[in-house]
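In my numbering, the protein residues as written are 610 to 859.
Backbone N, C-alpha and C fix where the C-beta goes; we use that ideal spot for every residue, glycine too.
Below is one structure, written out as structure tokens, with a few remarks after it.
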Ligand code: SF4
């Protein structure tokens, strides 16, 4: 499908973002990742889409794809206050390497932290609340004014994501998942082909990297996200729960 066939999609809350996502999947769901990034940035959501990146283990691939289309695209990085020092170093290294000019670091509201997590221990007692105040709330503030955002999620990462669509909806905007259909091997091959640096913790047994208290090493044979919230039912931080909430996100 030629990208020139694309028409601007007006995000009309009255029509429902889920209907919007279904229409986008029907028309553009078979495009490859590079085409989807170019389409979303240039045609579907010009000036109103951001990339949300954890600068984690597999973040470099989507950051590279986006940088090839628009190095000035806003990149939102959530500093939860509980990240690994290596993640900050990696953010700086990757941003410089890819020439990203608009990396925005967003943080939790200090008053909310003081009220809800004064001892920095909510991750043990109420991890959903911890994720809400450290991730969901800051991200909602950062995405205000955007109609859409890119995520780097992939179907292979776990069962919950196994039906991930290219376009999804949440209550306020469209999520675009250019790498949804990529395999782990394709991600690795792309990173090698483009000589992208790896997150320093990958070599230490962390194929998925989030906050320090909720990330553990993954053993051979486990799924790549098995080390996230190990021992809990929790598999997502709350910013992607729309997928589970409506079954498929489309
Ligand atoms: S991943 Fe853990 S430490 Fe980070 S915000 Fe969620 S519960 Fe809190």
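query                                                                                                                : result
The ligand SF4 heavy atom lying under 8 Å from the CB of residue 819                                                 : yes
Residue 744 beta carbon near the ligand SF4 (any heavy atom closer than 8 Å)                                         : yes
Separation of residue 841 from residue 751, as counted between CA atoms                                              : 28 Å
Other residues of its chain near residue 680: CB distance less than 8 Å, five sequence neighbours each side excluded : 707, 708, 709 and 710
Supposed contact pair residue 703 and residue 672 - C-beta distance, whole angstroms, cut 8 Å                        : 6 Å
Closest Cα partner of residue 827 within the set 666, 638, 634 and 726                                               : 666
Touching by the beta-carbon criterion (3+ pairs, under 8 Å), the stretch 756-766 and the stretch 785-794             : yes
Inter-residue Cα distance where the pair is residue 721 and residue 629                                              : 34 Å
Near the ligand SF4: residue 822 beta-carbon under 8 Å from a heavy atom                                             : yes
The ligand SF4 heavy atom lying under 8 Å from the CB of residue 631                                                 : no
9 Å Cβ cutoff met for residue 717 and residue 734                                                                    : no
Straight-line gap, residue 780 to residue 832 (C-alpha atoms, nearest Å)                                             : 29 Å
Cβ separation of residue 756 and residue 783, assumed to be a contact under 8 Å, to the nearest whole Å              : 7 Å
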